[in-house]
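Note sheet for the following structure.
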Amino acid sequence: MPRIHELINNTIRKIFVNSWHKSKISHTRKFFIAFFILNLLLGSFYIDLWINANTTSRALPIITYFESGTFQFDKYHELTCDKALIKNHYYTDKAPLPTYYVLPFFGILKYIGIIPPDEKGSLFGKHIYALGGILAGSLPFTLILLIVFNKIKKNTPTISPVFLTLFPFYASFIFIFSGTYFAHLLSGILLLASYIYLKKGKYLVSGFFAGLSFLCEYNLAVIFFLWAIQLIIRTKNFKPTLYYGLGVLPSLIFILYYNYIFTGSPFEMLYRYHTFDQLHSNYGFSFPGFNSILGLSFSWYKGIFFYSPFLLLFLVKAFKPLINKGFNMIITNYLIVPSIVYFLFVASYFGWWGGWTYGPRLLLALTILLTYEGIIYLSGQKFSKYVFWGLMAFGITCTFMAKATVAYSVPTNVVNPILDLIIPEFIHGNFNPNNILTILFNIKPVYSFFIWIAMFAGSTIFLNCWYEKHFKFP
111 MPRIHELINN
121 TIRKIFVNSW
131 HKSKISHTRK
141 FFIAFFILNL
151 LLGSFYIDLW
161 INANTTSRAL
171 PIITYFESGT
181 FQFDKYHELT
191 CDKALIKNHY
201 YTDKAPLPTY
211 YVLPFFGILK
221 YIGIIPPDEK
231 GSLFGKHIYA
241 LGGILAGSLP
251 FTLILLIVFN
261 KIKKNTPTIS
271 PVFLTLFPFY
281 ASFIFIFSGT
291 YFAHLLSGIL
301 LLASYIYLKK
311 GKYLVSGFFA
321 GLSFLCEYNL
331 AVIFFLWAIQ
341 LIIRTKNFKP
351 TLYYGLGVLP
361 SLIFILYYNY
371 IFTGSPFEML
381 YRYHTFDQLH
391 SNYGFSFPGF
401 NSILGLSFSW
411 YKGIFFYSPF
421 LLLFLVKAFK
431 PLINKGFNMI
441 ITNYLIVPSI
451 VYFLFVASYF
461 GWWGGWTYGP
471 RLLLALTILL
481 TYEGIIYLSG
491 QKFSKYVFWG
501 LMAFGITCTF
511 MAKATVAYSV
521 PTNVVNPILD
531 LIIPEFIHGN
541 FNPNNILTIL
551 FNIKPVYSFF
561 IWIAMFAGST
571 IFLNCWYEKH
581 FKFP
């Protein structure tokens, strides 16, 4: 009898207890799938189809490659001022990875007939902007959110992990570039991956992702070069730095070969041949000035703390503990010194404001790192809910109004983009037509905006309720 009783107990345990664990895993997976899909939809709702100099320069080599088998875009060069002139031919001046990353996907869609040529045989059109906007914009943005949430999901912060993950990013200029074919979100997620693996001590993998981020945005070399130096100081050993360097090596070899193919020298980048003369001297760098430092920090022009207000809360909460750390701890911290040096590096660029843009887009990858670390830090701290929601309300209001009107297209001479441009555009009803509902169903942009607001509110509340009810951890 005892053996039969034991057999029955084991059977019940296998059927019910094991199935409960499987159900819990299933709930987790379903939640992450829903989290991914909803945020990808929200991030792709506004899709950039404008012929912008930056995105067009990145898109044209793909078009000409499938039209004529060359990366020269002489035929279309008047569409963009961001270009390199080499031996009487026009090429993109941009870092190559975002172009080569999107290229095979464009080729597949062309092959299966989704992207056909027009009656003149041209492949240029809205498809390339939409495809690039999703692959290089919305997808990295969504994956960043997923990475951050996965990091804090087991914590019990002052604010729900769902809200603490989503709002700092949606209330930031980071979100403006979701759905656009700029390189910053792609370089940002690659730099974030490098940072995460660096902290885990997986130096080869960290170096590999650092190299890829460099192939998206050359400026980021400053950060991972400093990481290599810090590795030597922290470990007092050259071996970790060697592994890190080996990870970077494939990207370094690629860019040397890429430069050689187009410029004839492995050490001359295409930026050197930019049609804008100021880039010919030291690639446009000099020394940072007061205006650029103030403009990139706290100003309403391009200030990182103004256009990503969550960082103010992070700064205030982390400043005192940071001061109490020893000098060696500060010097070897993978975030502090690289952030300061990179900020000053961008401030030394002749076009530190980043051209026509909302927020300091040249600091976007750094902002992703700071926001990631800030969310993790605050998930283990007590802080004022009123301050958090006040900052988020301000950020969401500014960012969403910008997304609904001008998006990133803010002229350089607009000193206060919120008051001088975005609010007037919003009040006058000049809404952005580049959204899914207007494009597919011809719904008025103003109605699309309010539907999108309802979608955002509904999605965040739904995910939070699901988390609170089912996503429990011991």
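The sequence shown maps to residues 111 to 584 in our numbering.
No residue lacks a Cβ here, since even glycine has one placed at the ideal position from N, Cα and C.
Can you tell me whether residue i is helix, strand or coil according to DSSP?
i    : result
A303 : helix
L308 : helix
A564 : helix
A517 : coil
I196 : strand
Y411 : coil
Y381 : helix
Y459 : strand
Y201 : strand
Y487 : helix
N545 : strand
Y156 : strand
Y468 : coil
E327 : coil
C191 : coil
D228 : coil
T373 : helix
S167 : helix
F181 : coil
T268 : coil
G235 : coil
Could you check the C-alpha separation between residue i and residue j for me, to the nearest Å?
i    : j    : result
A303 : I486 : 15 Å
I478 : F572 : 25 Å
F319 : H137 : 31 Å
N164 : K204 : 8 Å
I363 : I546 : 40 Å
K554 : A564 : 16 Å
Y200 : Y328 : 20 Å
S458 : F551 : 46 Å
H237 : I196 : 28 Å
A467 : L432 : In the sequence under discussion, the amino acid at residue 467 is Thr, which differs from the Ala named in the question. Straight-line Cα distance between these residues: approximately 32 Å.
N443 : P227 : 52 Å
F437 : F415 : 25 Å
Y305 : M379 : 26 Å
R382 : N369 : 11 Å
T190 : L152 : 29 Å
Y291 : S248 : 9 Å
I333 : E229 : 47 Å
P527 : Y411 : 7 Å
If I measure Cβ to Cβ from residue i and keep anything under 7 Å in the same chain, skipping five residues before and after, which residues do I get?
i    : result
Y482 : V258, L302
F281 : Contrary to the premise, residue 281 reads as Ala rather than Phe in this sequence. P419, F420, M502, G505, I506, T509, listed in sequence order.
N149 : T252, L255
T209 : R168, P171, I172, T202
Taking the beta carbon of residue i as the centre, do at least 16 other beta carbons fall within 10 Å, making it buried, or is it exposed?
i    : result
N392 : Because the pLDDT at N392 is just 47, under 50, the model does not fix this residue reliably, and the value given afterwards should be weighed accordingly. Under this definition N392 is an exposed residue.
C575 : exposed
S375 : exposed
H294 : buried
T166 : buried
V456 : buried
K346 : exposed
A567 : exposed
P534 : exposed
V520 : buried
T174 : buried
Using only alpha-carbon positions, find the residue among the options that is nearest to residue i.
i    : options                : result
Q182 : F372, F334, I537       : F372
V650 : L366, L352, A144       : This structure leaves residue 650 out entirely; the chain is present only between 111 and 584.
N231 : T266, P208, S178, L274 : Here the sequence assigns Gly to residue 231, which means Asn is not the residue at that position. Ranking the options by Cα distance to G231, first place goes to S178.
L422 : I433, S407, L432, K412 : S407
Y307 : P214, T268, I441, P350 : P350
V358 : Y381, Y367, Y368, A331 : A331
L445 : K309, I284, I225, T290 : K309
L207 : N149, R139, A169       : A169
L314 : F566, Y353, F277       : Y353
S558 : V524, K513, G355, S519 : K513
T202 : H384, A338, W160       : H384
V447 : F566, W337, S270       : W337
Y496 : S154, I269, S316       : I269
K427 : S361, Y370, L488       : L488
G311 : L249, N438, C326, R344 : R344
Given residue i, which residues of its chain have a CB within under 8 Å of its CB, disregarding the five upstream and five downstream residues?
i    : result
Y211 : L245, A246, L296
F141 : L573, W576, Y577, H580, F581
Y367 : P376
G490 : N265, P267
F216 : I172, F176, I225, H237, I238, L241
L325 : A205, P206, L207, S361, F364, I365
Might you give, ordered along the chain, the residues of its own chain that have their beta carbon closer than 6 Å to the beta carbon of residue i, omitting 5 neighbours on each side?
i    : result
M511 : I532, F536
Give a yes or no on whether 7 Å exceeds the smallest Cβ distance from residue i to chain C.
i    : result
L302 : Protein chains in the displayed structure number just one, and chain C is not present.
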